[in-house]
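Step one of this worksheet: look at the structure below.
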């Protein structure tokens, strides 16, 4: 940078109101060396006859101008202010050029050459002293002269400080520390950021701002918010850090943790006060973490996991963990003291009540009539129907039928239909209200309950269960073929197949391959006499020509794969290529094809038959014959009537009434001896039931049979109350003995 002098027009001293400029040119201070320097401009003679200006650079006089025009013609007593004005570029700018562009030390003297000379204590002599007696660093001070570093184009008037006693000015305010100024504070108004202290200095721009407030950053003049979240990351992972102006705050600890909620201002504080969150052990909070109380709870960071049931408990988190039940010990046996374990599988136990007791097995109450319903209601939690009070305490009625809904079962209600007519008197419809007792035919059933009101039919048989008795039904079996054209009117056979062409369809033909239109069957074994050989090698009730295991007794004739070979003599019952009992078997699902033998739980039972061994859609625990798909429940609805006294008509044949969906059968008439034999054959079962005689007007044999083969071959268990001799002596004298036979 080249050497430059001060502007030709400045600095000048001008009295207020005089409006005349007096210029002083200082042209000999060539200090444009690019270094920093301290400068002082000394004004003297402001109150005398001679005005002088001296320029000091680094405390050395570099230039001066003495004998400036007198100001005596101006009444100085009335002067309010004197200005120092600079040229077009401004005094400070010019000085900056003279000093090589650096004003960093303007007015900052390390030593003061003017100590004691025209100091603030001699302000009255018209001298502007550069330093105080104490050697203070500074610019112009102590004189009733205001110096300003303003450009000529912006020059103005500045008021003098207030005068004190005897016309002297009062103590002046402190000067800023930089350059030449009006005697006005650079800190008023405050140029710094709101809330930041301002300090006057000799350095440009004449003031210095203090530090930004906590939480803010900048130079003091301008301050911006510090994002403590980004600088210090004070919050716990998972807790959001929210920056505020100023400061920050952390959201509460994440779910599963506990700790403080931190907030504050500044990066240092954020680094020193980080949020601390500690894991909550939910498993030890008294609630097992929300898991089932009897299950395993595993604590994890910020959470927990629910595991399986504890030892001694069974179940899961959905259904709950309940004490493990077992029939092996009395303490874990869930069955009633008057009950027993039917079976136990996969932690599930089925209980039943002992004979003479009724309920769900877990709770049992006394059952006087042995029909499966307790004398008093039981507090069962599963709402089992067998826990409800018996509506006929002394009369078996397993279906609890109650036609008039009066709370008294039909079997013990004197007026079952509630029509005012007693059952045992003249009520011809004991279960249907009919006060008029109208009866159009001659049978024992009134029109209100007669399925053939105009055709006598005391048996009320209705083969196709369409509400119309067989006696008056044009299609008894409901196969769509009228009776007169149907070769099996009582057995549905829409194809009407008849291999022996005897007019009797194969579906109901006792000898389907030999003509026997009369269908005679003297021994009531369901094999017509014409084809009945009575040759039965294995003695199972099936003659050899019709036996699917001729040499192995198998009265049920069960053939699961329908290959013509009974299961009892078939090595592969389901025909899946896995032998039933020999290697590479045994087959883990003997009745259901499963060549892959998949057994996920390794219990020896294949997956496809795990809960339903015979694949009859009835789970094993409810299936009375779990290894026979042909039998699921006891059912008396289909039966064969066997008349044991075919001679004479002194008494009628037995009249069987089936109740409770085939689970109960009642003989209602005083009749000839006879049997009701179910068509379904099964073996290997335990049968349990109740036999009840509900009359005091007669004393006949009553009982049950099993292993029926024909009318001369069966077992019977029968009972008679008293001894009796038959009234007819021919063909022989018959005598009945009392008791069980």
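In the UniProt record's numbering, the protein residues as written are 1 to 741. Here a beta-carbon is modelled for each residue, glycine too, at the ideal position from N, C-alpha and C.
Using C-beta distances below 8 angstroms, list every residue in its chain close to residue i, excluding the 5 sequence neighbours before and after it, in chain order.
{"i": "residue 343", "result": "349, 350 and 621"}
{"i": "residue 426", "result": "437"}
{"i": "residue 367", "result": "353, 356, 357, 358, 373, 374, 375 and 390"}
{"i": "residue 725", "result": "733, 734, 735 and 736"}
Who are the near neighbours of residue i in its chain, counting only those whose CB is closer than 6 angstroms to its CB and skipping five residues on each side?
{"i": "residue 740", "result": "719"}
{"i": "residue 378", "result": "359, 363, 365 and 387"}
{"i": "residue 733", "result": "none"}
{"i": "residue 421", "result": "427"}
{"i": "residue 238", "result": "254"}
{"i": "residue 305", "result": "298"}
{"i": "residue 665", "result": "636, 656 and 658"}
Are the beta-carbon atoms of residue i and residue j separated by less than 9 angstroms?
{"i": "residue 577", "j": "residue 681", "result": "no"}
{"i": "residue 290", "j": "residue 298", "result": "no"}
{"i": "residue 457", "j": "residue 450", "result": "yes"}
{"i": "residue 504", "j": "residue 517", "result": "yes"}
{"i": "residue 403", "j": "residue 431", "result": "yes"}
{"i": "residue 324", "j": "residue 313", "result": "yes"}
{"i": "residue 255", "j": "residue 303", "result": "yes"}
{"i": "residue 483", "j": "residue 498", "result": "no"}
{"i": "residue 294", "j": "residue 310", "result": "yes"}
{"i": "residue 515", "j": "residue 536", "result": "no"}
{"i": "residue 641", "j": "residue 653", "result": "yes"}
{"i": "residue 423", "j": "residue 414", "result": "yes"}
Helix, strand or coil, according to DSSP, for residue i in the structure here?
{"i": "residue 410", "result": "helix"}
{"i": "residue 116", "result": "In this prediction, residue 116 scores a pLDDT of 39, lower than 50, which makes its location untrustworthy; no coordinate-derived value is stated."}
{"i": "residue 216", "result": "strand"}
{"i": "residue 715", "result": "strand"}
{"i": "residue 282", "result": "helix"}
{"i": "residue 608", "result": "helix"}
{"i": "residue 198", "result": "strand"}
{"i": "residue 305", "result": "strand"}
{"i": "residue 62", "result": "strand"}
{"i": "residue 378", "result": "coil"}
{"i": "residue 342", "result": "strand"}
{"i": "residue 452", "result": "coil"}
{"i": "residue 288", "result": "helix"}
{"i": "residue 315", "result": "strand"}
{"i": "residue 650", "result": "coil"}
{"i": "residue 297", "result": "strand"}
{"i": "residue 662", "result": "helix"}
{"i": "residue 721", "result": "coil"}
{"i": "residue 621", "result": "helix"}
{"i": "residue 485", "result": "helix"}
{"i": "residue 207", "result": "strand"}
{"i": "residue 351", "result": "strand"}
{"i": "residue 656", "result": "strand"}
{"i": "residue 734", "result": "coil"}
Under 7 angstroms Cβ to Cβ from residue i, same chain only, skipping five residues before and after it: list those, please.
{"i": "residue 401", "result": "409, 410 and 659"}
{"i": "residue 385", "result": "none"}
{"i": "residue 446", "result": "428, 429, 434, 437, 438 and 439"}
{"i": "residue 608", "result": "589, 592 and 594"}
{"i": "residue 564", "result": "548"}
{"i": "residue 337", "result": "none"}
{"i": "residue 729", "result": "none"}
{"i": "residue 628", "result": "556, 558, 614 and 682"}
{"i": "residue 352", "result": "339, 340, 342 and 361"}
{"i": "residue 626", "result": "613, 614 and 620"}
{"i": "residue 322", "result": "313, 314 and 315"}
{"i": "residue 261", "result": "250 and 252"}
Beta carbon of residue i: closer than 8 angstroms to some heavy atom of the ligand GDP?
{"i": "residue 221", "result": "No copy of the ligand GDP occurs in the structure displayed, which carries no ligand at all."}
Where are the beta strand (DSSP E) runs, 3 residues long or more, that stay fully inside the stretch 493 to 580, in chain order? none
Contact between the stretch 225 to 234 and the stretch 271 to 281: three or more CB pairs below 8 angstroms? yes
Inspect the CB distances between the stretch 521 to 540 and the stretch 595 to 611 and report whether three or more fall short of 8 angstroms. no
When you compare the stretch 620 to 635 with the stretch 432 to 444, are there three or more beta-carbon pairs, one atom per stretch, that lie closer than 8 angstroms? no
For the stretch 249 to 280, which segments carrying the beta strand (DSSP E) assignment without a break, of at least 3 residues, lie completely within its bounds, in sequence order? 257 to 259 and 277 to 279
Whether or not the stretch 205 to 220 and the stretch 236 to 253 are in contact is what I'm after, with contact meaning three or more pairs of Cβ atoms, one per stretch, closer than 8 angstroms; do they touch? yes
Would you call the stretch 278 to 285 and the stretch 216 to 230 touching, i.e. three or more CB-CB distances under 8 angstroms? no
Assess contact between the stretch 560 to 577 and the stretch 692 to 706, defined as three or more Cβ pairs (one per stretch) separated by less than 8 angstroms. Is contact present? no
Should the stretch 703 to 717 be regarded as contacting the stretch 672 to 687, the criterion being three or more beta carbon pairs within less than 8 angstroms? yes
Which whole runs of the beta strand (DSSP E) in the stretch 670 to 716 are 3 residues long or more, in chain order? 674 to 678 and 702 to 710
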